[in-house]
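Q: Protein chains in written order, with numbering that gives the first Met the number 0: chain A, 0 to 385; chain B, 0 to 385.
In this text, a Cβ means the ideal position worked out from N, Cα and C, and glycines have one as well.
There are 2 protein chains.
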Amino acid sequence: MNNFEFKNPTKIIFGKDTIEKLKEEIPTDAKVLLLYGGGSIKKNGIYDQVKTALANVDITEFGGIPANPEYETLMEALKVIKAKNITYLLAVGGGSVIDGTKFLSAAAIYDGDTPWDILTKNIRTEKGMPFGTVLTLPATGSEMNSGAVITRKETKEKLAMGGPGLFPQFSILDPEVVKSIPQRQLENGLADAFTHVLEQYMTYSVDAKLQDRFAESILQTLVEIAPSVLKDDFDYKAASNFMWSCTMALNGLIQKGVPTDWAIHAMGHELTALYGIDHARTLAIITESHYTYNFEAKKEKLVQYGERVWNITEGSVDDKAYAAIEKTTEFFKALGIDTKLSDYTNEYEGTAEEIQKRFTDRGWTGLGEHQSLSPENVEKIVKMAY
Amino acid sequence: MNNFEFKNPTKIIFGKDTIEKLKEEIPTDAKVLLLYGGGSIKKNGIYDQVKTALANVDITEFGGIPANPEYETLMEALKVIKAKNITYLLAVGGGSVIDGTKFLSAAAIYDGDTPWDILTKNIRTEKGMPFGTVLTLPATGSEMNSGAVITRKETKEKLAMGGPGLFPQFSILDPEVVKSIPQRQLENGLADAFTHVLEQYMTYSVDAKLQDRFAESILQTLVEIAPSVLKDDFDYKAASNFMWSCTMALNGLIQKGVPTDWAIHAMGHELTALYGIDHARTLAIITESHYTYNFEAKKEKLVQYGERVWNITEGSVDDKAYAAIEKTTEFFKALGIDTKLSDYTNEYEGTAEEIQKRFTDRGWTGLGEHQSLSPENVEKIVKMAY
Numbered sequence: 000m001n002n003f004e005f006k007n008p009t010k011i012i013f014g015k016d017t018i019e020k021l022k023e024e025i026p027t028d029a030k031v032l033l034l035y036g037g038g039s040i041k042k043n044g045i046y047d048q049v050k051t052a053l054a055n056v057d058i059t060e061f062g063g064i065p066a067n068p069e070y071e072t073l074m075e076a077l078k079v080i081k082a083k084n085i086t087y088l089l090a091v092g093g094g095s096v097i098d099g100t101k102f103l104s105a106a107a108i109y110d111g112d113t114p115w116d117i118l119t120k121n122i123r124t125e126k127g128m129p130f131g132t133v134l135t136l137p138a139t140g141s142e143m144n145s146g147a148v149i150t151r152k153e154t155k156e157k158l159a160m161g162g163p164g165l166f167p168q169f170s171i172l173d174p175e176v177v178k179s180i181p182q183r184q185l186e187n188g189l190a191d192a193f194t195h196v197l198e199q200y201m202t203y204s205v206d207a208k209l210q211d212r213f214a215e216s217i218l219q220t221l222v223e224i225a226p227s228v229l230k231d232d233f234d235y236k237a238a239s240n241f242m243w244s245c246t247m248a249l250n251g252l253i254q255k256g257v258p259t260d261w262a263i264h265a266m267g268h269e270l271t272a273l274y275g276i277d278h279a280r281t282l283a284i285i286t287e288s289h290y291t292y293n294f295e296a297k298k299e300k301l302v303q304y305g306e307r308v309w310n311i312t313e314g315s316v317d318d319k320a321y322a323a324i325e326k327t328t329e330f331f332k333a334l335g336i337d338t339k340l341s342d343y344t345n346e347y348e349g350t351a352e353e354i355q356k357r358f359t360d361r362g363w364t365g366l367g368e369h370q371s372l373s374p375e376n377v378e379k380i381v382k383m384a385y
Numbered sequence: 000m001n002n003f004e005f006k007n008p009t010k011i012i013f014g015k016d017t018i019e020k021l022k023e024e025i026p027t028d029a030k031v032l033l034l035y036g037g038g039s040i041k042k043n044g045i046y047d048q049v050k051t052a053l054a055n056v057d058i059t060e061f062g063g064i065p066a067n068p069e070y071e072t073l074m075e076a077l078k079v080i081k082a083k084n085i086t087y088l089l090a091v092g093g094g095s096v097i098d099g100t101k102f103l104s105a106a107a108i109y110d111g112d113t114p115w116d117i118l119t120k121n122i123r124t125e126k127g128m129p130f131g132t133v134l135t136l137p138a139t140g141s142e143m144n145s146g147a148v149i150t151r152k153e154t155k156e157k158l159a160m161g162g163p164g165l166f167p168q169f170s171i172l173d174p175e176v177v178k179s180i181p182q183r184q185l186e187n188g189l190a191d192a193f194t195h196v197l198e199q200y201m202t203y204s205v206d207a208k209l210q211d212r213f214a215e216s217i218l219q220t221l222v223e224i225a226p227s228v229l230k231d232d233f234d235y236k237a238a239s240n241f242m243w244s245c246t247m248a249l250n251g252l253i254q255k256g257v258p259t260d261w262a263i264h265a266m267g268h269e270l271t272a273l274y275g276i277d278h279a280r281t282l283a284i285i286t287e288s289h290y291t292y293n294f295e296a297k298k299e300k301l302v303q304y305g306e307r308v309w310n311i312t313e314g315s316v317d318d319k320a321y322a323a324i325e326k327t328t329e330f331f332k333a334l335g336i337d338t339k340l341s342d343y344t345n346e347y348e349g350t351a352e353e354i355q356k357r358f359t360d361r362g363w364t365g366l367g368e369h370q371s372l373s374p375e376n377v378e379k380i381v382k383m384a385y
């Protein structure tokens, strides 16, 4: 096991009818900016629950934060924060709204030239404006971690940011919200959480037995509940397990003391930036070719995963490892998610070269758990995913 | 899954050569009280590492905190805290030293009549004197939770306390400390952590799939590493997995959203108070008779545990559940731990009646996950454990 540090101070409030607890978490004298996305919260009743809980609090609203939160939109929200002397941010939404709120938490008290620097100069936020979240879409885990990904439309870039100052003070997780989530977003959430775990697990062994088993626990749970989450009748038990699994998939715990990969995300982000493909689907596109290209390096872990998560017992080491990759692709397909770039766009020619060029231009010389994947390797992996 | 709240702000610093990081965690202007136990830290080099790391900090020392930390001894430490205007506590030890430090953290700023009230009146500590820990003995999980158990010698009582103000600010977990731990303490640590998980898991299903799998992950890891932890040659990898498993076994995570039992601990504490038997061994004494007595209520979970942790595949539901209990007893015995009260004392007659009387006197009418075990039930369970 590698040395590690772990601290996660976010308070989780989990369960039915918990949105009303908002009033116990936000100081009554706070000037709150309520941030949300496309407005679905006004249709499914969550907006009303939030407003009722915070009836006695000074609230300004900023809606319209898009999927893959954009810098340009967020800069408008930043103007509101300054103009209204906002002191507390409340994200009501999924990963995009929460990520956007994290950027605002950092930007609101950043004293450099331009908040864009936070993204391009890898500035870690030690202290941000306090914020909480009401999660409306289980998927990214952003509700219990301190990272965010922000998009800049004009340059088609997706860039990561974070720091210990960007943990939500609290996150309210009411599985009832799953009831009104469109099928497509449920599929995305399951695939997103599943891939988050894979990125922190499918590397090489450092004999971190408990971390491995925790990762496998989340994968097993997602596999087990996926059919119930996707079926038409709302199933509160399945929704609860789905929501908690998504949070645990990326709250820092399972990555402690082990090597992590994240190359699938690095490549996937480019596909979203270039073609607007849903984040989770870009991960499903890259996974198979990434694991196939890096087969030797990941073989041992692929076998363990195949045996423990998919009950693969037959065949040679190579057979089991390949079968584990195949099972993963089948899982994505069973969710209703296509796993080739050509399923999403006809204009895929040149994509691999473009991504290779972007990585080269940014000076990213080594991706993956060994920091050994060059932009040229990336080009080959993306091409295998056409 | 039941509703729950979860917040654990303790910073974990895990790995080789991490004790030197103490200097980054304790404010340089703090007046520190360094608390430790019987003095083994002076023989194994940990004391020197701590003193070197804190060379520039004002330190007062208080050694001699016994196993099952006693109120009387702690009141002496409290005098030192007041006399020296201590502002920060540092526990260097195992669960007893850390639990004692938690009591002091609460007592140092308690403004009631007597600190004894904290224990007898169930006063939760919202804010205590800040403290950190250097863990020298993996077992209790106290290094990452906010609970403590304190003994009063004159009344032979063991009482629990806690509150959100009693999380350590940081805990340093260096698996190298395992090298110098006596065999008996290693056995105790493994049994203690194992039983902690059982108390939060062996109840009834609320379909909390991830919590169940996390609990099973810790149990599986402890079973897998126990032989390596106990063998004469120090094994850093096994020690790392042991240490992290003990912490995760009782840091609050696996108990969230599920019913918990803790009747084994309630009964076990009395055996320690009456006969001075090691805490972990009292748990091993009670477990088999508790699960046998409550067989019907726990049967379903016993089967799941048997199948997933012990790979029991044959037989009826009852067969599997009984086999799971048997495997548990065998595990304790393989650790070198006896599982009957008569293995520890010849004077066991009357113990069950005495414990029944104590529970009745305290007004404890219902123990266990259903709060259904009466003092009379307890009497029967303890008698089965003779």
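Under the DSSP definition of a beta bridge, which residues are partnered with Glu346(A)?
A: Along the first sequence, read from residue 1 onward, the residue named residue 346(A) stands at position 347. DSSP, once it has assigned bridges, lists no residue as partnering Glu346(A).
Q: Can you give me the Cβ contacts of Leu33(B) inside the same chain, cut-off strictly under 6 Å, excluding the 5 residues immediately before and after it?
A: Counted from its first residue, the second sequence places residue 33(B) at position 34. Taken in chain order, the residues that qualify are Ile58, Glu60, Leu89.
Q: Return the chain-ordered ranges of every alpha helix (DSSP H) run that is complete within the region 222-259 of chain B and spans a minimum of 4 residues.
A: You should have 235-248.
Q: Nearest-angstrom Cα distance between Tyr454(B) and Leu334(A)?
A: For chain B, the structure presents residues 0 to 385; residue 454(B) sits outside this window and is missing.
Q: Rounded to whole angstroms, what's the CA-CA distance from Ala323(B) to Leu252(B)? Just pull it up for me.
A: The residue labelled residue 323(B) in the question sits at position 324 within the second sequence. The residue labelled residue 252(B) in the question sits at position 253 within the second sequence. So the two alpha carbons sit approximately 24 Å from each other.
Q: Tell me, to the nearest whole angstrom, how far the beta carbon of Gln199(B) is from that of Val257(B); I am working on the premise that it is less than 8 Å.
A: The sequence position of residue 199(B) within the second sequence is 200, counting from 1. The sequence position of residue 257(B) within the second sequence is 258, counting from 1. About 7 Å separates the two Cβ atoms, so the contact holds.
Q: Quick one, which of Lys120(A), Glu223(A), Met242(A) has its alpha-carbon nearest Lys178(A)'s?
A: Looking up residue 178(A) in the first sequence gives position 179. With distances taken between Cα atoms, Lys178(A) lies closest to Met242(A).
Q: Following the continuous alpha helix (DSSP H) through Gly94(B), name the residue where it begins and the one where it ends.
A: Here residue 94(B) refers to the residue found at position 95 of the second sequence. Note, Gly94(B): alpha helix (DSSP H), 94-107.
Q: Which residue wins for smallest C-alpha separation from Ala272(A), given the options Ile149(A), Thr51(A), Ala320(A)?
A: Within the first sequence, numbered from 1, the residue matching residue 272(A) stands at position 273. With distances taken between Cα atoms, Ala272(A) lies closest to Ile149(A).
Q: Got a sec: which bits of the region 187-212 of chain A sit with their beta carbon under 9 Å from any beta carbon on chain B, in order along the chain?
A: From the region 187-212 of chain A, only Val205, Asp206, Ala207, Lys208, Leu209, Gln210, Asp211, Arg212 have a Cβ closer than 9 Å to chain B.
Q: What is the DSSP secondary structure of Asp57(B), reduced to helix, strand or coil?
A: By 1-based counting over the second sequence, the position of residue 57(B) is 58. Asp57(B): strand per DSSP, three-state reduction.
Q: Have a look at Thr327(A), Lys300(A), Phe331(A) and flag the residue whose alpha-carbon is nearest the alpha-carbon of Val316(A).
A: Locating residue 316(A) in the first sequence gives position 317, counting from the first residue. The candidate whose alpha carbon is nearest that of Val316(A) is Lys300(A).
Q: Using a 10 Å radius around the Cβ and a threshold of 16 neighbouring Cβ atoms, would you call Ile226(B) buried or exposed?
A: Here residue 226(B) refers to the residue found at position 227 when the second sequence is read from its first residue. For the record, residue 226(B) in the displayed sequence is Pro; it is not Ile. That one is exposed.
Q: Tell me whether Ser170(B) sits in a helix, a strand or coil according to DSSP, three-state version.
A: Looking up residue 170(B) in the second sequence gives position 171. Strand, per DSSP.
Q: Taking Cβ positions, are Ala265(B) and Met0(B) nearer each other than 9 Å?
A: For the purposes of this step, residue 265(B) is taken as residue 266 along the second sequence, with counting starting at 1. For the purposes of this step, residue 0(B) is taken as residue 1 along the second sequence, with counting starting at 1. No, the Cβ-Cβ distance between Ala265(B) and Met0(B) is not below 9 Å.
Q: Would you call the region 8-18 of chain B in contact with the region 2-12 of chain A, where contact means no fewer than 3 C-beta pairs closer than 8 Å?
A: In short, these stretches touch, since the Cβ pair count reaches three.
Q: How big is the Cα-Cα spacing for Val205(B) and Glu368(B)?
A: Within the second sequence, residue 205(B) is the residue found at index 206, counting from 1. Within the second sequence, residue 368(B) is the residue found at index 369, counting from 1. Distance between the alpha carbons of Val205(B) and Glu368(B): 12 Å.
Q: Quick check on Ser244(B) - is its C-beta less than 9 Å from some C-beta in chain A?
A: One-based indexing of the second sequence puts residue 244(B) at position 245. Cβ-Cβ to chain A under 9 Å: yes for Ser244(B).
Q: How about Pro8(B): is its C-beta nearer than 9 Å to some C-beta of chain A?
A: Taking the second sequence and counting its residues from 1, one reaches residue 8(B) at position 9. Yes, Pro8(B) lies at the interface with chain A (some Cβ there is under 9 Å from its Cβ).
Q: Could you work out which residues of chain B lie near Asn2(A), taking near to mean beta carbons separated by less than 7 Å?
A: Indexing the first sequence from 1 puts residue 2(A) at position 3. Within 7 Å Cβ-Cβ: Phe13, Gly14, Lys15, Thr17.
Q: On the three-pair Cβ rule with 8 Å, is the region 212-224 of chain B touching the region 102-111 of chain B?
A: The answer is no - the region 102-111 of chain B does not touch the region 212-224 of chain B, with fewer than three Cβ pairs under 8 Å.
Q: If you measure between the beta carbons of Lys152(B) and Glu269(B), is that distance less than 9 Å?
A: Here residue 152(B) corresponds to residue number 153 of the second sequence, with the count starting at 1. Here residue 269(B) corresponds to residue number 270 of the second sequence, with the count starting at 1. In this structure, Glu269(B) does not lie closer than 9 Å to Lys152(B) by Cβ.
Q: Would you please verify whether the beta carbon of Lys236(B) is less than 9 Å from any beta carbon of chain A?
A: The sequence position of residue 236(B) within the second sequence is 237, counting from 1. At least one chain A Cβ lies under 9 Å of Lys236(B).
Q: Got a sec: is the Cβ-Cβ distance from Thr220(A) to anything in chain B below 9 Å?
A: Here the question's residue 220(A) lines up with position 221 in the first sequence. Chain B, which has a Cβ nearer than 9 Å to the Cβ of Thr220(A), makes this yes.
Q: I need the straight-line Cα distance from Thr139(B) to Gly188(B), nearest angstrom please.
A: For this step, residue 139(B) is matched to residue 140 along the second sequence. For this step, residue 188(B) is matched to residue 189 along the second sequence. Their Cα atoms are separated by approximately 7 Å.
Q: Report the neighbours of Ser239(A) on chain B: residues whose CB is nearer than 7 Å to its CB, in chain order.
A: One-based indexing of the first sequence puts residue 239(A) at position 240. Within 7 Å Cβ-Cβ: Met0.
Q: Starting from Gly256(B), find everything on chain A with Cβ-Cβ shorter than 9 Å and list it in chain order.
A: In the second sequence, the residue the question calls residue 256(B) occupies position 257. Near Gly256(B) (Cβ distances below 9 Å), the residues of chain A are Phe13, Gly14, Ser239, Trp243.
Q: How do the region 163-178 of chain A and the region 14-22 of chain A stand: do at least 3 beta-carbon pairs fall below 8 Å, yes or no?
A: Yes: at least three Cβ pairs fall under 8 Å.
Q: The beta strand (DSSP E) that contains Met160(A), what's its start and end?
A: Position 161 of the first sequence, counted from the start, is the residue given in the question as residue 160(A). That run of the beta strand (DSSP E) goes 156-161.
Q: Span of the alpha helix (DSSP H) holding Gly188(A)?
A: Position 189 of the first sequence, counted from the first residue, corresponds to residue 188(A). Note, Gly188(A): alpha helix (DSSP H), 182-200.
Q: Under a three-way DSSP split, which group does Asn2(B) fall into?
A: Translated into positions along the second sequence, residue 2(B) becomes position 3. Looking at Asn2(B) - three-state DSSP - the assignment turns out to be coil, as it is neither helix nor strand.
Q: Take Gln184(A) and list the residues in its own chain whose beta-carbon comes closer than 7 Å to its own, dropping the five residues that flank it on each side.
A: Here the question's residue 184(A) lines up with position 185 in the first sequence. Answer for Gln184(A): Leu136, listed in chain order.
Q: Of all the alpha helix (DSSP H) runs that stay within the bounds of the region 274-328 of chain A, which reach a length of 4 or more residues?
A: Those alpha helix (DSSP H) runs which fall completely within the region 274-328 of chain A and span 4+ residues are 278-292, 294-309.
Q: Measuring alpha carbon to alpha carbon, tell me which of Arg123(B), Ala214(B), Tyr274(B), Ser244(B) ends up nearest Lys255(B).
A: Sequence index remark: in the second sequence, residue 255(B) carries index 256 (1-based). The shortest C-alpha separation from Lys255(B) is found at Ala214(B).
Q: May I ask which residues mark the beginning and end of the alpha helix (DSSP H) holding Lys78(A)?
A: Here residue 78(A) is taken as the residue at index 79 of the first sequence, counted from 1. It spans 70-82 - the alpha helix (DSSP H) in which Lys78(A) sits, taken as one unbroken run.
Q: Rounded to the nearest angstrom, what separates His278(B) and Ala105(B) at their Cα positions?
A: For the purposes of this step, residue 278(B) is identified with residue 279 of the second sequence, where counting begins at 1. For the purposes of this step, residue 105(B) is identified with residue 106 of the second sequence, where counting begins at 1. Approximately 23 Å between the Cα atoms of the pair.
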